[in-house]
Structures are given as C-alpha cells and as structure tokens.
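Number of protein chains: 2
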Amino acid sequence: MVQGTFLQSHALFGGLSNEAIDGILPLLAEESFPAGTNIVNEGESDDRLYLICKGSVEVIKSVDTPGGRRDHSLAVLGVGEAFGEMELIDMQPRSATVRALENVSAVSLSNANLFEIYESNLETFTLIILNIAREISRRLRTMDALAGSSP
Amino acid sequence: MVQGTFLQSHALFGGLSNEAIDGILPLLAEESFPAGTNIVNEGESDDRLYLICKGSVEVIKSVDTPGGRRDHSLAVLGVGEAFGEMELIDMQPRSATVRALENVSAVSLSNANLFEIYESNLETFTLIILNIAREISRRLRTMDALAGSSP
Numbered sequence: 010m011v012q013g014t015f016l017q018s019h020a021l022f023g024g025l026s027n028e029a030i031d032g033i034l035p036l037l038a039e040e041s042f043p044a045g046t047n048i049v050n051e052g053e054s055d056d057r058l059y060l061i062c063k064g065s066v067e068v069i070k071s072v073d074t075p076g077g078r079r080d081h082s083l084a085v086l087g088v089g090e091a092f093g094e095m096e097l098i099d100m101q102p103r104s105a106t107v108r109a110l111e112n113v114s115a116v117s118l119s120n121a122n123l124f125e126i127y128e129s130n131l132e133t134f135t136l137i138i139l140n141i142a143r144e145i146s147r148r149l150r151t152m153d154a155l156a157g158s159s160p
Numbered sequence: 010m011v012q013g014t015f016l017q018s019h020a021l022f023g024g025l026s027n028e029a030i031d032g033i034l035p036l037l038a039e040e041s042f043p044a045g046t047n048i049v050n051e052g053e054s055d056d057r058l059y060l061i062c063k064g065s066v067e068v069i070k071s072v073d074t075p076g077g078r079r080d081h082s083l084a085v086l087g088v089g090e091a092f093g094e095m096e097l098i099d100m101q102p103r104s105a106t107v108r109a110l111e112n113v114s115a116v117s118l119s120n121a122n123l124f125e126i127y128e129s130n131l132e133t134f135t136l137i138i139l140n141i142a143r144e145i146s147r148r149l150r151t152m153d154a155l156a157g158s159s160p
C-alpha cells in the first residue's frame with residue numbers, strides 16, 4: 010500500500026495538504042511489471058501517469074537512422090520519478106516507450122481519476138496541474154538547452 | 010483596446026466564458042515595441058506572458074559554436090501567438106530572447122496578475138493553467154520529435 014508520505018515527497022503532489030493526499034490515495038492503481046516489460050508503448054493511446062515506487066525504467070524512442078528505425082534511449086528513471094505527465098493532460102498518443110529495467114512497482118493515475126479530483130476538489134486539481142505544468146516546463150527548458158548546444 | 014473576442018480565439022484562453030474574459034481584460038497591459046527592440050532578453054528575470062496583437066517577433070537563443078557564441082533563430086511568431094508561458098508559471102529566467110521583427114503591439118499578463126485571477130476565480134485560473142500546460146506539452150513533443158530525428 011502506497012503511503013501518503015511517499016506521494017507528498019513527490020514534486021507532482023507538492024503543496025497538497027494531508028487531507029488532499031488522503032483523497033487521492035484511493036484513486037491510484039497499484040501495478041507491478043516484470044523486468045523487460047513495456048509499461049507503455051510509443052504511439053499508443055493511454056492517458057495514465059505513472060509514479061515509480063520500486064525499480065527503474067528506460068524511456069525509449071524509435072528513431073530513423075540511415076540503417077532503418079532504431080531504439081534510442083532517452084532517459085532512465087528510478088524511484089520517486091514519474092512518466093506520462095503529458096499524456097495525462099493532453100491525451101495525445103504516448104511520445105515514447107517505457108520499459109521496466111528490473112521488476113517495477115508503480116502507482117498510476119488516469120485522466121478519468123484526475124477529472125474526479127477536479128469535480129471533488131478544485132484547489133487540489135489546480136495544484137496538481139500547476140505542478141505538472143512546471144515539470145513539463147523544466148523538461149522543455151532542458152530540451153531547448155540541448156538544442157541550443159548543437160544548433 | 011484589446012477585444013474579448015481576440016482573447017477567446019486564443020488557445021491559452023480557450024474554454025473561458027465571456028464573464029471570465031471580461032474579468033481578465035483589465036489585468037492585461039497593452040505594450041508597443043518598435044521594430045528591432047528586444048521585448049525580452051535571454052537569462053533575465055521577467056515573469057510576463059506576451060500575446061502578439063500586431064506584427065511579428067523572432068525567438069533567438071545564444072548558442073556556443075566553434076567560432077564563439079552566436080545567435081540562433083528558433084522561431085518566428087505572429088499575430089495570435091504567445092511567448093513567455095513557461096516564465097509565467099515557473100518564474101525561471103527567460104529561456105530565449107524575443108526581438109520585434111516589425112512594430113509590435115502585444116498584451117502581457119504577469120505572474121502577479123495570474124495570482125489575482127487565482128484569488129478571484131479559481132475555475133478561470135485552472136483553465137488557463139491547463140491550457141498553458143497543454144501548450145508547453147505540445148512544444149515538448151515537437152522538441153522530442155526533433156531530438157528523435159537526429160539522435
């Protein structure tokens with residue numbers, strides 16, 4: 010069972026009160042994935058955000074190379090890190106594949122769950138959206154800096 | 010004077026009621042910039058979002074090259090387009106310089122203005138943040154795709 014303190018330590022739930030966290034906990038689905046499993050697949054429709062509780066994952070994007078399409082590793086994420094923030098709010102297809110590097114435990118939150126939070130507690134919903142926007146902004150700044158370093 | 014219909018046609022204010030738009034209009038500052046002016050400067054602290062009402066701008070990032078630091082053009086934005094979404098919500102320094110390519114009229118919204126909206130109308134604030142998050146997400150997907158095409 011995921012503890013509220015684990016959620017509260019995460020940037021996406023930063024600023025939420027104990028009561029708000031208690032309201033979110035029942036909405037989270039706990040899931041396990043054996044090492045080597047694709048948790049999400051690039052191009053598929055799936056609007057869940059995942060937060061890693063145990064293990065680590067690799068974020069992989071299929072890219073065109075002169076020798077055909079190849080897997081390109083974008084990042085490795087561990088305990089306390091999340092993926093799927095963009096899909097949770099824009100409901101576009103998965104931008105990358107995420108594969109379990111070892112046995113992984115995670116909690117997930119769907120867009121429908123997020124809408125439940127919106128209906129029951131607008132203040133909590135707003136804080137989560139603001140935290141997600143800041144996280145996506147942080148990633149975009151990193152990508153912009155990378156693009157700037159190799160024009 | 011900026012019209013509410015102009016705001017409503019913009020993605021950042023999508024979904025807002027006429028009443029919500031009427032509440033935002035008095036918070037917007039109208040500004041003019043002669044051709045060639047830097048409206049914002051990379052690295053500076055400035056938390057305003059700008060929405061272009063007339064003219065066009067160039068988004069420029071200073072990059073390291075073997076021959077020293079050079080200006081690198083990232084994008085040209087025109088009427089109805091915005092810049093500064095990230096700074097409005099994360100209050101980090103400007104990620105790029107934005108220069109007026111011709112005489113530009115724009116309206117701007119500061120983080121303090123956004124906080125006024127938060128205090129007076131949480132529903133409106135939430136919609137704006139959600140729209141900003143989706144816009145930043147759209148840009149990150151574009152950057153991810155670019156990164157994927159040249160690994």
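From first to last, the protein sequence lines stand for chains Y and X. The first sequence begins at 10 in the numbering used here and counts up one residue at a time. The second sequence begins at 10 in the numbering used here and counts up one residue at a time. No residue lacks a Cβ here, since even glycine has one placed at the ideal position from N, Cα and C. All figures in this text were calculated on a predicted structure; none of them were measured in a lab.
- X:Ala115 sits in a strand when the DSSP states are folded into three classes.
- In this structure, DSSP gives X:Ser41 an extended state, which the three-state scheme calls strand.
- Taking CB atoms only, Y:Leu118 has no neighbour in chain X less than 9 Å away.
- The beta-carbon of X:Ser65 is placed no less than 9 Å from the nearest beta-carbon of chain Y.
- Cα atoms of X:Ile137 and Y:Leu16: separation of roughly 25 Å, rounded to the nearest angstrom.
- For Y:Leu36 and Y:Phe124, the gap between their C-alpha atoms comes out near 11 Å.
- When DSSP states are grouped into helix, strand and coil, X:Asp31 belongs to the helix group.
- The stretch 92–105 of chain Y and the stretch 125–133 of chain Y do not touch, with fewer than three beta-carbon pairs separated by less than 8 Å.
- Within chain X, the residues placing a beta-carbon under 8 Å from that of Y:Glu132 are Leu131, ordered along the chain.
- Residue contact with chain Y for X:Thr135: present (Cβ-Cβ distance below 9 Å to some residue of chain Y).
- For Y:Leu149, the nearest beta carbon of chain X is closer than 9 Å to its own beta carbon.
- Per DSSP, the unbroken alpha helix (DSSP H) holding X:Glu96 starts and ends at 94–99.
- Under the Cβ criterion of 9 Å, Y:Asp153 is counted among the residues facing chain X.
- Secondary structure at Y:Leu139: helix, using DSSP grouped into helix, strand and coil.
- The DSSP-derived three-state label of X:Asp153 is helix.
- In the DSSP assignment, X:Asn122 falls within the unbroken alpha helix (DSSP H) covering 120–129.
- Under the 8 Å Cβ criterion, the stretch 95–115 of chain X counts as touching the stretch 146–155 of chain Y, having at least three qualifying pairs.
- Residue state for X:Glu90 is assigned as coil, using DSSP reduced to three classes.
- Taking 9 Å as the threshold, the shortest C-beta distance from X:Ile141 to chain Y falls below it.
- In terms of beta-carbon proximity, Y:Asp99 lines the interface with chain X, with at least one pair separated by less than 9 Å.
- Within the stretch 43–65 of chain X, no residue places its CB atom closer than 8 Å to a CB of chain Y.
- Chain order gives the chain Y residues near X:Ser104 as Arg150, Asp153, where near means a beta carbon separation below 7 Å.
- With respect to X:Ser41, X:Val113 sits close: the two C-beta atoms are nearer than 9 Å.
- Beta-bridge analysis with DSSP links Y:Ile61 to Y:Ala115.
- Sequence-distant partners of X:Gly45 (beyond 5 residues in either direction) whose C-beta falls short of 8 Å from its own C-beta, in its chain, are Arg108, Ala109.
- Between the stretch 80–89 of chain X and the stretch 50–68 of chain X, the count of C-beta pairs closer than 8 Å reaches three or more; the two stretches touch.
- Where Y:Thr74 is concerned, the enclosing beta strand (DSSP E) starts and stops at 66–74.
- Checking the DSSP bridge columns, you'll see Y:His81 partnered with Y:Lys70.
- Rounded to whole angstroms, the separation of the alpha carbons of X:Ser26 and Y:Asn120 is 23 Å.
- Per DSSP, Y:Thr106 is one residue of the beta strand (DSSP E) stretching across 106–109.
- Assignment of beta-bridge partners to X:Val49 by DSSP yields X:Val107.
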